[in-house]
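Below is one structure, written out as structure tokens; comments come after it.
Protein chains: 4
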Amino acid sequence: MAMTNFAFALEMQVRDYECDLQGIVNNAVYQNYLEHCRHKFLLSVGLDFAQMHMDGIDAVVIKAEIEYKFPLKPGDDFYVRLKPRRQGRLRIIFDQEIVRKADEKLILKARITTALTKNGRPFPSDLFVKKLEDSGIVIDEL
Amino acid sequence: MAMTNFAFALEMQVRDYECDLQGIVNNAVYQNYLEHCRHKFLLSVGLDFAQMHMDGIDAVVIKAEIEYKFPLKPGDDFYVRLKPRRQGRLRIIFDQEIVRKADEKLILKARITTALTKNGRPFPSDLFVKKLEDSGIVIDEL
Amino acid sequence: MAMTNFAFALEMQVRDYECDLQGIVNNAVYQNYLEHCRHKFLLSVGLDFAQMHMDGIDAVVIKAEIEYKFPLKPGDDFYVRLKPRRQGRLRIIFDQEIVRKADEKLILKARITTALTKNGRPFPSDLFVKKLEDSGIVIDEL
Amino acid sequence: MAMTNFAFALEMQVRDYECDLQGIVNNAVYQNYLEHCRHKFLLSVGLDFAQMHMDGIDAVVIKAEIEYKFPLKPGDDFYVRLKPRRQGRLRIIFDQEIVRKADEKLILKARITTALTKNGRPFPSDLFVKKLEDSGIVIDEL
């Protein structure tokens, strides 16, 4: 998965309170980073996660596969990147990675499988795919 | 503030992920503990914070005064206690403390000032006071 | 993976602050639950995560694979369970699940791959396997 | 406390996962924001919280007084500001505020009382005061 393939990147920085007693970012916090990147990406194509929830449409995570390669430390600057793909009519998959800004060292690779629900029921991802295409983002079938 | 005065107590235990790089519970996490104790107390008198929110009534924190006396460490068992008081018709004040279970060592003292809102507007605390009195809890004017 | 196979189970309860704006437990928080269960399991066989860190030995997560089946809501009681396996001389794998207490509804299945490091370098999992066997826990090769 | 008095300001943005089931930033999270601002300020005068801990010097919070004025919502941009003061030879006090970026609306006012410890014992704040003065920051006695 070459870097040039990513559709979106977000720069972030480790905050001290995100580190646990090992002095490195706690494993659960990376899911926060990955989620924040996805939500900022959605915003960039005109989809507001919080507003969608108020309209009865929820984006939910079905599966998370995360490979931890190297830990982030206090003060580290890093990029979170993503590439969206579709899988059938219901699933959107986000291939994501986190790299350290200073040297592009790979911190983490993840594949996050998501789906939309409307009032709690499965909802086709067409809305989402349409918004992406309107923004000029090519979304492959996985 | 003698211990016998508390209206409610909750036993909890430190989780490793709640500790930061200093190896002790992060300051913000104590607010989670204090909130969790308040919400369990509300439940014990028949008030469900999440359900109240869905009904348009929100309990909000107006002021938090917290004195940190001694840190909690990984694995520590502790009690969170509270005593509710009323202040005028709008405010409910929770005097809270956290003590280590093993030796009753005082970890933290707090005064949390709260109010109710209904659809975003101030709402008298009578509902709350009534529920407490029905449960036999005496609630003093501060 | 039948329930009778689990080596350890921990009862927990959702805290309101663990829920996000969708009104359900945030995805990252489940990793906190899974970690807390693993650390309590380690403690039950005499291994203290925090103490190990101070002794230069760190248990690190290499991979997390999590299938989210159904969300937890405010106030839900649930069990977190695990079964440890070994993979070669370096990796310990934890098969974990979260089920709702009221009806055993499956909330989440996870496979967490971990390894030990000593002063930052890979360290055989023998220490860990020995402790488990001393506690009468059978640990299969994956 | 006029705005022009602040010694340091940090721009941040609400992340969706920081919001709780009320759809607004959870009360405890503001302590994370306040801490992050203090640590970035320390860094700006050459004091690294994580490095200090490794050197046996810990900055600890003794008291937190927080007035919540108005909630932050998903996507809000905001500033966290601080002004340090000294209190005797041992205490450093941070007057902090959070304002919404769009309209300077006051979100929160806080006074955070801190002290230094060296290997667990009280340690004069001179080190800290010296660093500030070297950076040209005037630090008043409270």
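Chains as they are written, first to last, in the working numbering: chain A, 1 to 142; chain B, 1001 to 1142; chain C, 2001 to 2142; chain D, 3001 to 3142.
The beta-carbon is built from N, C-alpha and C at its ideal position, and this holds for glycine as well.
Computed from a predicted structure; not experimentally measured.
Quick check on this structure: which residue in A:115, A:114, A:78 has the alpha carbon closest to the alpha carbon of residue 97 (chain A)? A:78
Using beta-carbon positions only, say whether residue 1049 (chain B) and residue 2016 (chain C) come within less than 7 Å of one another. yes
Residue 2061 (chain C) and residue 2112 (chain C) closer than 7 Å at C-beta: yes
Given residue 2087 (chain C) as reference, the closest of C:2065, C:2036, C:2139 once Cα atoms are compared: C:2139
The alpha helix (DSSP H) spanning residue 3116 (chain D) covers which residue range? Here residue 3116 (chain D) belongs to no alpha helix (DSSP H); instead the beta strand (DSSP E) covers 3106-3118.
Rounded straight-line distance, which links the Cα of residue 64 (chain A) to that of residue 2027 (chain C): 9 Å
What does a CB cutoff of less than 6 Å around residue 158 (chain A) pick up in its chain, not counting 5 residues either side in sequence? The displayed coordinates of chain A run from 1 to 142. Any statement about residue 158 (chain A) would go beyond what the structure contains.
For residue 51 (chain A), report the span of its alpha helix (DSSP H) as first-last. 49-54
Check the Cβ-Cβ distances between residue 1070 (chain B) and every residue of chain C, and say whether any is below 7 Å. no
Measure the C-alpha to C-alpha separation of residue 39 (chain A) and residue 3037 (chain D) and round it to an integer number of angstroms. 24 Å
Please list the partners that residue 41 (chain A) has in chain D, where partner means a Cβ-to-Cβ separation under 9 Å. Going along chain D, no residue has its Cβ under 9 Å from residue 41 (chain A), so there is no contact; the nearest lies around 12 Å.
Beta-carbon spacing of residue 3114 (chain D), residue 3092 (chain D) below 7 Å: yes
Looking at residue 3128 (chain D) and residue 3082 (chain D), is the spacing between their C-beta atoms short of 7 Å? no
With 8 Å as the limit, tell me which residues of the region 2012-2034 of chain C have their beta carbon closer than that to any beta carbon of chain B; keep them in chain order. 2015, 2016, 2017, 2019, 2023, 2032
If the cut is a Cβ gap below 7 Å, which residues of chain C does residue 1049 (chain B) touch? 2016
Sort C:2142, C:2090, C:2051, C:2018 by Cα distance to residue 2126 (chain C) and report the nearest one. C:2090
Distance between residue 3080 (chain D) and residue 2035 (chain C) (C-alpha atoms, nearest Å): 32 Å
Determine which residues of the region 72-102 of chain A have a Cβ less than 8 Å from any Cβ of chain D, and write them out in chain order. 73, 74, 75
Taking DSSP as the reference, what is the three-state secondary structure of residue 38 (chain A)? helix
Within 7 Å of any Cβ in chain A, is that where the Cβ of residue 2065 (chain C) sits? yes
Taking residue 99 (chain A) as part of the beta strand (DSSP E), name the residues at either end of that continuous run. 91-100
So, are the CB atoms of residue 2029 (chain C) and residue 2011 (chain C) less than 7 Å apart? no
8 Å Cβ cut-off: residues of chain A touching residue 2058 (chain C): 22
Determine, using beta carbons only, whether residue 3022 (chain D) and residue 1058 (chain B) come nearer to each other than 7 Å. yes
Supposed close pair residue 2074 (chain C), residue 2014 (chain C) - CB separation, criterion 8 Å: 6 Å
Does the beta-carbon of residue 1008 (chain B) have 16 or more other beta-carbons within 10 angstroms, so that it is buried, or is it exposed? buried
Give me the DSSP bridge partner(s) of residue 1122 (chain B). B:1117
From this set, B:1070, B:1024, B:1094, which residue's C-alpha is nearest residue 1005 (chain B)'s C-alpha? B:1094
According to the neighbour-count rule (16 or more other Cβ atoms, all chains shown, within 10 Å of its Cβ), is residue 119 (chain A) buried or exposed? exposed
Could you compute how far the alpha carbon of residue 3102 (chain D) sits from the alpha carbon of residue 1066 (chain B)? 30 Å
List the DSSP bridge partners of residue 3141 (chain D). D:3086
According to DSSP, is residue 1072 (chain B) part of a helix, a strand, or is it coil? coil
Report the rounded CA-to-CA distance for residue 76 (chain A) versus residue 99 (chain A), giving the unit in angstroms. 10 Å
Among B:1024, B:1033, B:1045, which one has its Cα closest to the Cα of residue 1133 (chain B)? B:1045
Please confirm if residue 1003 (chain B) has its CB atom under 7 Å from at least one CB of chain A. Note on residue 1003 (chain B): pLDDT 46, under 50, position unreliable in the model; the coordinate value appears next. No, because no Cβ of chain A sits closer than 7 Å to the Cβ of residue 1003 (chain B).
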